[in-house]
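Following: one structure in structure tokens, then a few remarks.
In the working numbering, the protein residues as written are 338 to 424.
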């Protein structure tokens, strides 16, 4: 186990030293659960399930097109209604 020192920023943020980030494969925007008891804090990295990760990767191009075309929920409702009428 590697031990490093860090401190809390003015915004209450904790910096994880780069050596630990590299060793543990921690990347920007990774999410953590934090447990606290007494004067001890424990961070646990949350891994996306393979299914959720795969689904995110599969839908990313579709989400991009929807965003670029300003496709709204109302547009989606209309498309679904049209499909249901045809079936």
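Glycine included, C-beta positions come from ideal geometry on N, C-alpha and C.
Inset, instruction - Identify whether residue 374 lies in helix, strand or coil by the three-state DSSP scheme. - result: As a first step, residue 374 is located in the chain shown; it is residue number 37 there, counting from the start. In this structure, residue 374 counts as strand in the three-state DSSP scheme.
Inset, instruction - Check residue 401 in the structure and name its three-state DSSP category. - result: The residue you call residue 401 lines up with position 64 of the chain shown. Residue 401 falls in the helix class under three-state DSSP.
Legend entry - Start and end residues, alpha helix (DSSP H) containing residue 411: To locate residue 411, count along the chain shown from 1; it is residue 74. Element bounds for residue 411: 410 to 423.
Inset, instruction - May I have the straight-line CA-CA distance separating residue 365 from residue 412, to the nearest angstrom? - result: In the chain shown, the residue the question calls residue 365 occupies position 28. In the chain shown, the residue the question calls residue 412 occupies position 75. About 34 angstroms.
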